[in-house]
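**Q** Sequences listed follow chains A, B and C, in order. Here the working numbering runs 4 ahead of the position in the first sequence, where the first position is 1. Here the working numbering runs 4 ahead of the position in the second sequence, where the first position is 1. Here the working numbering runs 4 ahead of the position in the third sequence, where the first position is 1. Sending over a structure as structure tokens; questions will come in a sec.
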Amino acid sequence: MSEAEKKLAIIATKGSLDWAYPPFILASTAAALGYETQIFFTFYGLQLLRKKPNLKVTSIGNPGMPMPMPMPVVLQTLPGMQGMMTAMMKKKMKSKGVASIEELREMCLEADVKMIACQMTVDLFDMKPAEFIEGIDYGGAATFFAFAGESDICLFI
Amino acid sequence: MSEAEKKLAIIATKGSLDWAYPPFILASTAAALGYETQIFFTFYGLQLLRKKPNLKVTSIGNPGMPMPMPMPVVLQTLPGMQGMMTAMMKKKMKSKGVASIEELREMCLEADVKMIACQMTVDLFDMKPAEFIEGIDYGGAATFFAFAGESDICLFI
Amino acid sequence: MSEAEKKLAIIATKGSLDWAYPPFILASTAAALGYETQIFFTFYGLQLLRKKPNLKVTSIGNPGMPMPMPMPVVLQTLPGMQGMMTAMMKKKMKSKGVASIEELREMCLEADVKMIACQMTVDLFDMKPAEFIEGIDYGGAATFFAFAGESDICLFI
């Protein structure tokens, strides 16, 4: 079997800025390596499909996040901190030449990564297809299993 | 090989209300599609096997959670907020026709999803088998690998 | 195919004390069962490769964590709480005979688990190879796919 026939299936369930990178970076890398790739967006992961994602990141609850300096948790909960951390991560990514989430997502679409929005979650959170980008499909877990069951790699992110 | 012979292996490691849905929804869907399915409950995931799970959800540390209105992080830490968010999610799920965790779990058991509690974690947290539902097995990581190593899909949730 | 030829691929992305156990426990168990095993450390997971990891755990944002007694979230944010919870988990693990992260990591290396640090993340966070343990490799997502694409189990932790 040639490398080109391999398949990568991703279930993207997180909706924060930091956890938005892994699905799109892994999917675009796999697509560049010739993998047929699908991402099923469900739960909080639906946020990654919004036209204007407006994703945030926080260090709260994540003691593994590298910080420029140690900061007491109680300070991290203060108003403005989440916005500041989000701006810092975006600036950091840009300065290191990492593409933005919108750019990575566009690269995935151009590389024929199939993106499926979980219909049940869309209904659950009363989201509207008009809020999401073009070029995606809608389906349920059963739809995804048809592809995932044949995949070489399946990741729950 | 027929679809009926496919295998899904899940490692369920989270113990909050929101992350309790994916293992049970994916397992019950897979079982309905004819997959032989096992869930290995370890770390915080053991909470999902309690007779009365009493699971909670919080928006703290999860900026990806859809909120009815924006709320400063410091307000989210106030007493009563976690209880309120838990009640809201349960009400939301019910109003949309999503089964409760207890119901989804029962559906999995009726569909012959094999559930294994991680013995090491049970010992670690001094939990008692009497706290858990009937119909589950106990075992270690090695037990799980015997099934996972033969699976078509293996997910760490 | 013999059991000895099976392959386990892990993507370790978390950098807290609690989420440091699963990759090393699963990898060392798999290696003991004869699996060829690789761990790709990326994002916050790079913290697990530091010579002196100094990992922390917190109950904030994780209502699934078993607590000796219920504690309001606002108390959990107070100075000293994260340090106290970290000390408690380490003591608990030790009293139950669970090896420390450093010991589990060493067991993995001795069992020929291949560890790869994500070069992109190393550059992103301005980390230095001198901060990491000996015996690891450096590479990108493409390097990891070469192994993961041939694996029997691939987990995103």
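Ideal Cβ positions, reconstructed from N, Cα and C, are used throughout, including at glycine. Every value quoted in this text rests on a predicted model; they were computed, and no experiment measured them.
1. Could you please give the first and the last residue of the uninterrupted alpha helix (DSSP H) stretch that includes I29/B?
2. Compare the C-beta of A34/A against all C-beta atoms of chain C and say whether one is closer than 8 Å.
3. Using 8 Å as the threshold, is the C-beta distance between A13/B and Q42/B below it?
4. Using CA coordinates, which residue listed in Y39/A, N58/A, T46/A and K56/A is at the minimum distance from T17/A?
5. Between T125/C, D156/C and I120/C, which lies nearest to T147/C when the distance is taken from Cα to Cα?
6. Let's see if you can read the secondary structure: which residues bound the beta strand (DSSP E) around F160/B?
7. Would DSSP call G19/C helix, strand or coil?
8. Where does I14/A sit, in a helix, a strand or coil, going by DSSP?
9. Compute the beta-carbon to beta-carbon distance between P57/A and I161/A, rounded to the nearest angstrom, for a pair I have assumed lies under 8 Å.
10. I'd like to check one pair, G65/A with T125/C: are the Cβ atoms closer than 8 Å?
11. DSSP three-state label for T81/C, please.
12. Cβ of A35/C within 8 Å of Cβ of A115/C?
13. With which residues is M119/A paired in a DSSP beta bridge?
14. Going along the chain, which residues of its own chain have a beta-carbon closer than 6 Å to the beta-carbon of K55/C, five neighbours each way excluded?
15. Take the Cβ of D156/B as the centre, count every other Cβ of all protein chains shown within 10 Å, and call the residue buried at 16 or more, exposed below.
16. Rounded to whole angstroms, what's the CA-CA distance from K3/A to K10/A? Just pull it up for me.
17. Does chain A have any CB closer than 8 Å to the CB of I64/C?
18. Using a Cβ-Cβ cut-off of less than 7 Å, give me the residues of the segment 64 to 83 of chain A that come near chain B, in sequence order.
19. Could you tell me the distance, in whole angstroms, from the CA atom of E7/C to the CA atom of M73/B?
20. Let's test the definition: count the other Cβ atoms within 10 Å of the Cβ of L21/C and tell me whether it reaches 16, buried, or not, exposed.
21. Strictly under 8 Å for the Cβ-Cβ distance: is Y48/B near chain C by that measure?
22. Does DSSP put G144/A in a helix, in a strand, or in coil?
23. How many whole angstroms separate the CB atoms of L79/B and G19/B, which I take to be in contact at a CB cut-off of 8 Å?
**A** Looking at the atomic coordinates:
1. Y25 to A36
2. Under the Cβ distance rule, A34/A counts among the residues neighbouring chain C, one pair being separated by less than 8 Å.
3. Yes. Within cutoff.
4. T46/A
5. Closest option to T147/C, Cα to Cα, is I120/C.
6. I157 to F160
7. coil
8. In this structure, I14/A counts as strand in the three-state DSSP scheme.
9. Incorrect: roughly 16 Å between the Cβ atoms, too far for contact.
10. no
11. coil
12. A115/C sits close to A35/C, with the two beta carbons spaced by under 8 Å.
13. I43/A
14. I137.
15. buried
16. Residue 3/A is absent from the structure shown; chain A starts at 5 and stops at 161.
17. Yes, because at least one Cβ of chain A sits closer than 8 Å to the Cβ of I64/C.
18. I64, G65, N66, T81, L82 and P83
19. Bear in mind that the predicted position of E7/C carries a pLDDT of just 48, short of 50, making it too unreliable to give a figure here.
20. buried
21. yes
22. coil
23. At roughly 24 Å, the Cβ-Cβ gap does not stay under 8 Å, so L79/B and G19/B are not in contact.
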